[in-house]
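Peer 1: The following block contains the structure, expressed as structure tokens.
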Amino acid sequence: MESKNSDRMKSDKCYYCLEPKKGVEHVPPKCFFPQEGKKNYRNNLITVPSCDVHNSNKSTDDQYMFLLFNVISNFNDDPTARKWLVDKGVATILRRSHILTTLTDDLRIMDGKLVYRNASKEVVLKPDYSRIGGFFSAMARAIFFKENSESWGGGVFVIPLFLVRVMLNNTVSFNKLLLDISRYNSSKGQNKDVFSYTFSSGEGFDGKLLHMFFYGEFEAVCFFLPDAAREGVLSKFKDVPGALWV
Ligand SMILES: [Zn+2]
Numbered sequence: 482m483e484s485k486n487s488d489r490m491k492s493d494k495c496y497y498c499l500e501p502k503k504g505v506e507h508v509p510p511k512c513f514f515p516q517e518g519k520k521n522y523r524n525n526l527i528t529v530p531s532c533d534v535h536n537s538n539k540s541t542d543d544q545y546m547f548l549l550f551n552v553i554s555n556f557n558d559d560p561t562a563r564k565w566l567v568d569k570g571v572a573t574i575l576r577r578s579h580i581l582t583t584l585t586d587d588l589r590i591m592d593g594k595l596v597y598r599n600a601s602k603e604v605v606l607k608p609d610y611s612r613i614g615g616f617f618s619a620m621a622r623a624i625f626f627k628e629n630s631e632s633w634g635g636g637v638f639v640i641p642l643f644l645v646r647v648m649l650n651n652t653v654s655f656n657k658l659l660l661d662i663s664r665y666n667s668s669k670g671q672n673k674d675v676f677s678y679t680f681s682s683g684e685g686f687d688g689k690l691l692h693m694f695f696y697g698e699f700e701a702v703c704f705f706l707p708d709a710a711r712e713g714v715l716s717k718f719k720d721v722p723g724a725l726w727v
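Under the working numbering, read the sequence shown as residues 482 to 727, first letter to last.
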């Protein structure tokens, strides 16, 4: 029996840092999955062993990503998960209105109503790239662990594709969010997947590749690369908004 990388394969260790396991981490976070309706989205969620740092520390990133998905959604359709996402996002924003300042400087909430900074109602998104990179790279490392039964020892290069599209346009319409705040209710829709992914060996480069899809709309890609590839990759992708080596 080969025992290569045996340290990385121990399931009593954190998927991220190999410190002793203190609990399990849901991937994506449990809070992304709707709880209500006929279908229980919280069955058979992906979990990996984690230490305290790589479990509790992520909750701020998780909440941030949840809201980011909310405000930039195109809302082409309205399945259960999407509806639930919006309801929950709106509730969070109404409860903790200062959280909007982590997404944009052009919008705030006063007395439950959106107030625009500019008469044009143009809202420029101000993404926290390090938070976003942290979220996706942690997810990528967890899924790598799940797929390969060992933790990834190199770097993760994250490209949040959905955000690249948004940022190249530079402005975002928050109008849908405005509508949802004024029409806030809890009506139900139909079943739809919250999250899916494909994991593959990369073609044209020496490494592994993970595609992630959230709510049928948001796509991110992560490359698993040796640390030595860092400089080359960063210079090649330097103009891509949100592309980050974590
Ligand atoms: Zn850890």
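The beta carbon of each residue, even a glycine, is placed where N, CA and C say it ideally should be.
Taking C-alpha atoms, which residue in Ile613, Val534 and Val727 lies nearest to Trp633?
Peer 2: Your numbering for residue 633 matches position 152 in the sequence shown. The candidate whose alpha carbon is nearest that of Trp633 is Val727.
Peer 1: Could you give the distance in angstroms between the alpha-carbon of Leu715 and the alpha-carbon of Pro707?
Peer 2: For this step, residue 715 is matched to residue 234 along the sequence shown. For this step, residue 707 is matched to residue 226 along the sequence shown. Near 13 Å, if we compare the C-alpha coordinates of Pro707 and Leu715.
Peer 1: Where Arg589 and Asn629 are concerned, what is the direct C-alpha to C-alpha distance, given to the nearest angstrom?
Peer 2: On the sequence shown, residue 589 is found 108 positions in, with the first residue counted as 1. On the sequence shown, residue 629 is found 148 positions in, with the first residue counted as 1. Distance between Arg589 and Asn629, taken at the CA atoms: about 44 Å.
Peer 1: Based on the DSSP output, what are the partners of Ser677 in its beta bridges?
Peer 2: Locating residue 677 in the sequence shown gives position 196, counting from the first residue. As computed with DSSP, Ser677 is found in a beta bridge with Phe694.
Peer 1: Reducing DSSP to helix, strand and coil, say where Leu642 ends up.
Peer 2: Locating residue 642 in the sequence shown gives position 161, where the first residue counts as 1. Reduced to three states, the DSSP call for Leu642 is helix.
Peer 1: To which residues does DSSP link Lys594 through a beta bridge?
Peer 2: Walking along the sequence shown from the start, residue 594 turns up at place 113. For Lys594, which the question treats as bridged, DSSP gives the partners Met591.
Peer 1: Answer yes or no: the CB of Ser540 versus the heavy atoms of ligand 3, is any distance below 8 Å?
Peer 2: The model depicted lacks ligand 3 and carries ligand 1 instead.
Peer 1: Taking the alpha-carbon positions, what's the Asn666 to Asn521 distance?
Peer 2: As a working mapping, residue 666 is identified with position 185 in the sequence shown. As a working mapping, residue 521 is identified with position 40 in the sequence shown. With a pLDDT of 29 at Asn666, under the threshold of 50, the modelled position of this residue cannot be trusted; read the value that follows with caution. Each residue's Cα considered, the two are about 20 Å apart.
Peer 1: Can you list, in chain order, the residues of its chain with a C-beta nearer than 6 Å to that of Ser681? Leave out the 5 residues immediately preceding and following it.
Peer 2: For the purposes of this step, residue 681 is taken as the residue at position 200 of the sequence shown. Residues Leu690 of the same chain have their beta carbon placed closer than 6 Å to that of Ser681, with the five preceding and five following residues left out of the count.
Peer 1: Counting along the chain, where does the alpha helix (DSSP H) carrying Val714 start and finish?
Peer 2: Along the sequence shown, read from residue 1 onward, the residue named residue 714 stands at position 233. Here the alpha helix (DSSP H) through Val714 covers Arg711 to Lys717.
Peer 1: Could you tell me the boundaries of the alpha helix (DSSP H) in which Thr541 lies?
Peer 2: Residue numbering aside, residue 541 sits at position 60 when the sequence shown is read from its first letter. Its alpha helix (DSSP H) spans residues Ser540 to Ile553.
Peer 1: Whose CB is closer than 6 Å to a heavy atom of ligand 1? List the residues in chain order.
Peer 2: Cys495, Tyr497, Cys498, Glu500, Ser531, Cys532, Val534 and His535
Peer 1: Helix, strand or coil for Asp720, going by three-state DSSP, please let me know.
Peer 2: As a first step, residue 720 is located in the sequence shown; it is residue number 239 there, counting from the start. It is coil, neither helix nor strand.
Peer 1: Please return the same chain residues whose Cβ sits closer than 7 Å to the Cβ of Leu642, not counting the five positions on each side in sequence.
Peer 2: Taking the sequence shown and counting its residues from 1, the one referred to as residue 642 is at position 161. Excluding residues within five positions, the ones whose Cβ falls inside 7 Å are Glu700, Ala701 and Val702.
Peer 1: Between Gly636, Ser578, Met648 and Ile624, which has its C-alpha nearest Thr679's C-alpha?
Peer 2: One-based indexing of the sequence shown puts residue 679 at position 198. Of the listed residues, the one whose Cα sits closest to Thr679 is Ile624.
Peer 1: Verify the CB distance criterion: does Asp586 have a CB-CB separation below 9 Å to chain C?
Peer 2: Protein chain content of the structure displayed is limited to a single chain, and chain C is not contained in it.
Peer 1: On a Cα-Cα basis, can you pick out the residue from Phe513, Cys495 and Val567 that is closest to Lys503?
Peer 2: Here the question's residue 503 lines up with position 22 in the sequence shown. For Lys503, the closest of Phe513, Cys495 and Val567 by C-alpha to C-alpha distance is Cys495.
Peer 1: For Lys494, name the three-state secondary structure that DSSP assigns.
Peer 2: The sequence position of residue 494 within the sequence shown is 13, counting from 1. Correct three-state label for Lys494: strand.
Peer 1: Only counting the same chain, and skipping five residues up and downstream in sequence, which positions put a Cβ closer than 6 Å to that of Ser578?
Peer 2: Sequence index remark: in the sequence shown, residue 578 carries index 97 (1-based). For Ser578, where only same-chain residues beyond five positions count, the Cβ hits under 6 Å are Ile590.
Peer 1: Whole angstroms are fine: how far does the CA of Glu698 sit from the CA of Val647?
Peer 2: Position 166 of the sequence shown, counting from 1, holds the residue named residue 647. Position 217 of the sequence shown, counting from 1, holds the residue named residue 698. Rounded to whole angstroms, Val647 to Glu698 spans 13 Å at the Cα level.
Peer 1: Which one of Tyr597, Pro501, Leu606 and Gln516 has the shortest CA to CA distance from Leu548?
Peer 2: The residue labelled residue 548 in the question sits at position 67 within the sequence shown. With distances taken between Cα atoms, Leu548 lies closest to Leu606.
Peer 1: With DSSP as the reference, label Phe626 as helix, strand or coil.
Peer 2: As a working note, residue 626 is residue 145 in the sequence shown. Residue state, collapsed to three classes: helix.
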